[in-house]
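Asks: In the order they appear, the protein sequences are chains A and B. The opening residue of the first sequence carries number 1 in full-length UniProt numbering; numbering runs sequentially from there. The opening residue of the second sequence carries number 1 in full-length UniProt numbering; numbering runs sequentially from there.
There are 2 protein chains.
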Amino acid sequence: MAKLEDIAKLAEVSPTTVSRVINNYGSLSEKTKNKVFTAMKELNYQPNSLARSLKGKSSKIIGVIFPGVSNPFFGQMVETIENQLFDRGYKIILCNAGKNKEKERAYLRMLIANQVDGIIAGSHNLEIEEYQQVGLPIISFDRYLSENIPIVSSDNFQGGKIAAEVLLASGSKNIQMISGANQPNSPTNRRLVGFKEVIEDNNLKFGLTEIKYNASPNIKGMKIKEVLSNNSVDGIFCTDDLTSLLVFQQAHQLGLRIPEDIRLIGYDGTSFIQEFHPELATIEQPINDIVTLMIDLLLQRIKDPDCNLQQNYVLPVKAIAGETSRRISE
Amino acid sequence: MAKLEDIAKLAEVSPTTVSRVINNYGSLSEKTKNKVFTAMKELNYQPNSLARSLKGKSSKIIGVIFPGVSNPFFGQMVETIENQLFDRGYKIILCNAGKNKEKERAYLRMLIANQVDGIIAGSHNLEIEEYQQVGLPIISFDRYLSENIPIVSSDNFQGGKIAAEVLLASGSKNIQMISGANQPNSPTNRRLVGFKEVIEDNNLKFGLTEIKYNASPNIKGMKIKEVLSNNSVDGIFCTDDLTSLLVFQQAHQLGLRIPEDIRLIGYDGTSFIQEFHPELATIEQPINDIVTLMIDLLLQRIKDPDCNLQQNYVLPVKAIAGETSRRISE
DNA sequence: ATGAAAGCGCTAACAA
DNA sequence: TTGTTAGCGCTTTCAT
Chain A
1 MAKLEDIAKL
11 AEVSPTTVSR
21 VINNYGSLSE
31 KTKNKVFTAM
41 KELNYQPNSL
51 ARSLKGKSSK
61 IIGVIFPGVS
71 NPFFGQMVET
81 IENQLFDRGY
91 KIILCNAGKN
101 KEKERAYLRM
111 LIANQVDGII
121 AGSHNLEIEE
131 YQQVGLPIIS
141 FDRYLSENIP
151 IVSSDNFQGG
161 KIAAEVLLAS
171 GSKNIQMISG
181 ANQPNSPTNR
191 RLVGFKEVIE
201 DNNLKFGLTE
211 IKYNASPNIK
221 GMKIKEVLSN
231 NSVDGIFCTD
241 DLTSLLVFQQ
251 AHQLGLRIPE
261 DIRLIGYDGT
271 SFIQEFHPEL
281 ATIEQPINDI
291 VTLMIDLLLQ
301 RIKDPDCNLQ
311 QNYVLPVKAI
321 AGETSRRISE
Chain B
1 MAKLEDIAKL
11 AEVSPTTVSR
21 VINNYGSLSE
31 KTKNKVFTAM
41 KELNYQPNSL
51 ARSLKGKSSK
61 IIGVIFPGVS
71 NPFFGQMVET
81 IENQLFDRGY
91 KIILCNAGKN
101 KEKERAYLRM
111 LIANQVDGII
121 AGSHNLEIEE
131 YQQVGLPIIS
141 FDRYLSENIP
151 IVSSDNFQGG
161 KIAAEVLLAS
171 GSKNIQMISG
181 ANQPNSPTNR
191 RLVGFKEVIE
201 DNNLKFGLTE
211 IKYNASPNIK
221 GMKIKEVLSN
231 NSVDGIFCTD
241 DLTSLLVFQQ
251 AHQLGLRIPE
261 DIRLIGYDGT
271 SFIQEFHPEL
281 ATIEQPINDI
291 VTLMIDLLLQ
301 RIKDPDCNLQ
311 QNYVLPVKAI
321 AGETSRRISE
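(1) Is residue 159 of chain A close to chain B, meaning its C-beta is less than 8 Å from at least one C-beta of that chain?
(2) Answer with yes or no whether the minimum CB distance from residue 4 of chain A to chain B is below 8 Å.
(3) Tell me which same chain residues have a C-beta within less than 7 Å of the C-beta of residue 43 of chain A, skipping the five on either side of it?
(4) Rounded to the nearest angstrom, what separates residue 63 of chain B and residue 313 of chain B at their Cα positions?
(5) Whole-angstrom Cβ separation of residue 96 of chain B and residue 66 of chain B, contact assumed at under 8 Å?
(6) Which same chain residues, not among the five before or five after residue 294 of chain A, have their C-beta less than 8 Å away from its C-beta?
(7) Quick one: what's residue 176 of chain A bridged to in DSSP?
(8) Within the 8 Å Cβ cut-off, does residue 58 of chain B reach chain A?
(9) Going by C-alpha distance, which of B:149, B:317 and B:308 is nearest residue 284 of chain B?
(10) Are the beta-carbon atoms of residue 265 of chain A and residue 234 of chain A separated by less than 8 Å?
(11) Counting along the chain, where does the beta strand (DSSP E) carrying residue 12 of chain A start and finish?
(12) Have a look at B:137, B:87, B:100 and B:127 and flag the residue whose alpha-carbon is nearest the alpha-carbon of residue 111 of chain B.
(13) Does residue 256 of chain B have its Cβ less than 8 Å from a Cβ in chain A?
(14) Residues of chain B with CB under 8 Å from residue 44 of chain A, in chain order?
(15) In whole angstroms, what is the alpha-carbon distance linking residue 123 of chain B and residue 78 of chain A?
(16) In chain A, which residues lie less than 7 Å from residue 102 of chain B when you measure between Cβ atoms?
(17) Locate the alpha helix (DSSP H) running through residue 241 of chain B, then write down its first and last residues.
(18) By Cβ distance, which residues of its chain are closer than 7 Å to residue 115 of chain A, with the 5 residues on each side in sequence left out?
(19) Give me the subset of the UniProt domain "HTH lacI-type" (2 to 56) of chain B whose CB atoms are less than 8 Å from a CB atom of chain A, sorted by chain position.
(20) Under 8 Å: do the region 238 to 248 of chain A and the region 296 to 310 of chain A share three or more Cβ pairs, one atom per stretch?
(21) Can you list, in chain order, the residues of its chain with a C-beta nearer than 7 Å to that of residue 193 of chain A? Leave out the 5 residues immediately preceding and following it.
(22) Are the region 207 to 222 of chain B and the region 175 to 186 of chain B touching, with three or more C-beta to C-beta distances below 8 Å?
(23) Taking Cβ to Cβ, would you say residue 84 of chain A is nearer than 8 Å to residue 292 of chain A?
(24) Between the Cα of residue 69 of chain B and the Cα atoms of B:310, B:94, B:106 and B:168, which residue gives the shortest distance?
(25) Can a CB atom of chain B be found closer than 8 Å to the CB of residue 113 of chain A?
(26) Where does residue 129 of chain A land, buried or exposed, given buried means 16+ other C-beta within 10 angstroms?
(27) What residue range is occupied by the uninterrupted beta strand (DSSP E) comprising residue 154 of chain B?
(28) Closer than 7 Å, Cβ to any Cβ of chain A: which residues of the region 216 to 239 of chain B, in chain order?
(29) Go through the region 114 to 142 of chain A residue by residue and report every complete run of the alpha helix (DSSP H) that reaches 4 residues or more, in order.
(30) Please state the DSSP three-state secondary structure of residue 107 of chain A.
(31) With residue 284 of chain B as the anchor, note down where its beta strand (DSSP E) starts and where it stops.
(32) Under 8 Å between C-beta atoms, does residue 130 of chain A make it to chain B?
(33) Output the distance between the C-alpha atoms of residue 326 of chain B and residue 279 of chain A, rounded to the nearest integer angstrom.
(34) Any C-beta of chain B sitting closer than 8 Å to the C-beta of residue 187 of chain A?
(35) In chain A, which residues lie with their C-beta within 7 Å of the C-beta of residue 68 of chain B?
(36) Using only CA atoms, which one of A:306, A:311, A:274 and A:305 lies nearest to residue 322 of chain A?
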């Protein structure tokens, strides 16, 4: 692997000059520039980022911590992050923290060791303290990590409200909400609050079933079957689209018709769902905007670590109509 | 950020000694070890990977190039890669090359600049030469990149055969295959070859519809509708499960029943499909094994760049039964 | 068992 | 406009 010095020799200039050419810095004659460029071409030269970062320049790497990317929602999220960061000249180290505290901790250490410029965190296994100690710009997606770490999220409260309104408009009276187990302090809890508000404003009640986020689809399926059979449910709000898909399936297996017998609405609205399951009504999170905002904030913090940012940034959601929430005329 | 020297001072030893403790190298007295450990704890010390890599140690970073991770197949692939590499002490830089030649080229350069130890490539936009010049250990998934770059893939030929057999066993006679546009030299073409062989051995013919991998679901949907309406098709093999999903939908919209009117089988068999669409018959690629093998080979090459590896490694596939390929008794 | 010193590839004062 | 030199944080001979 050719190094800067080799270029310098070949071009018959000093290393400094080569560095200047590479970084387009200081004053240089066209002639030297050309000599250097030619030499770089000839040796197929690539500056060593490591050495560059060591010498004070930033690494231009962002650590991205999510539970995983096999889930289409996180997949789209991470893909969007990666694409947008690439355009801004950054690369990402991907960290699938799963549901593993130890792993997340190890990742944090590793990211520090690798001198990343900042972190985008969409996972949530760790205690507040550990994030506080990182001493690196962090932006969090939809999770409370610690004071002073800004949270970007979609408008969970409004999302919950809209979901309730859709179900009510579809004529549902006997409503169930199926959500992941409550994370203390998590903004996603607001979906429940918003949902509840609307339902109760309409003098109705609703049942709440919590299913652990990390339960296997089989387990989830079972719980859903319970929900579907024990009640005369006619409307269901799932806090993510995959659970909604499962409900759709189980209903079919039980011979319940959607939307005739039960109306269904999910949450997230990934392009995957919109493209491959357009029948599913859902609340769409504005993934692109979320990502853009997270990156803007992160880069701000990177530029000026002491810059003042809000604790919460909330982006609007949108209802996506779908066959599963169609009103059945009586 | 505390550095090695700070530890040395605090522990009242030389930097060398600290380095020895960190790397568990050379001979050390218990006493010094303890002093150093204590100091490290106290300053919450993290060795700087960059500096370490600069000084000859490998970076322990692998570049992972795929089209994207919002597609569940690639998502699962990348997640598995990341998990397995983490266990082996490596981290990954994720590169979503999309369908963009320029981007893939830029990634290659960037990975070199970042001194990655090796590359796992699952994308396929570039010309052979560019990969040949990288001068880094590379393993490819399911794509021919260049001589001397090992390809790991599932048994595409056998997969095609099995798919054909399943459709035949289900009683289909008027069969269509829907595949991505043919990549020259790509191992995935063997799915077609295997499929064709079985169909023709049974004195049948089949129609082939090629749909560009990167077509939007809407475009794909249209083409599929054509396929479904222009023929009296009664059996379809899609070379990926998402297309298969689309066929399933379109068939419903056209009032065609699956499996009564048409039998359907896909390809890939991600856990996503198996869990959320168990009705879809498919050919499962052994993602875990593929990843394990790719990583084994890559680490071998990293250890010994000249080690002899085969050009092709083929792993067996498995048919996953599903309602969509059930035989209808007459 | 421990330390001194050189150097990895690059950048950035400071000189000229 | 260009070059000399020191040093980023760490590892590693070579001494002691």
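Even glycine gets a Cβ: it sits at the ideal position worked out from N, Cα and C.
Replies: Let me lay it out:
(1) no
(2) no
(3) 2, 6, 7 and 10
(4) 21 Å
(5) 7 Å
(6) 81, 120, 139, 141 and 152
(7) A:207 and A:236
(8) no
(9) B:317
(10) no
(11) Careful: residue 12 of chain A lies outside any beta strand (DSSP E) and carries neither H nor E.
(12) B:137
(13) no
(14) 133
(15) 17 Å
(16) In chain order: nothing, as chain A lies at least about 11 Å away.
(17) 241 to 253
(18) 53 and 59
(19) 44, 46, 47, 48, 49, 50, 51, 53 and 54
(20) no
(21) 157 and 160
(22) yes
(23) yes
(24) B:94
(25) yes
(26) exposed
(27) 151 to 154
(28) 217
(29) 128 to 132
(30) helix
(31) 281 to 284
(32) no
(33) 25 Å
(34) no
(35) 79
(36) A:274
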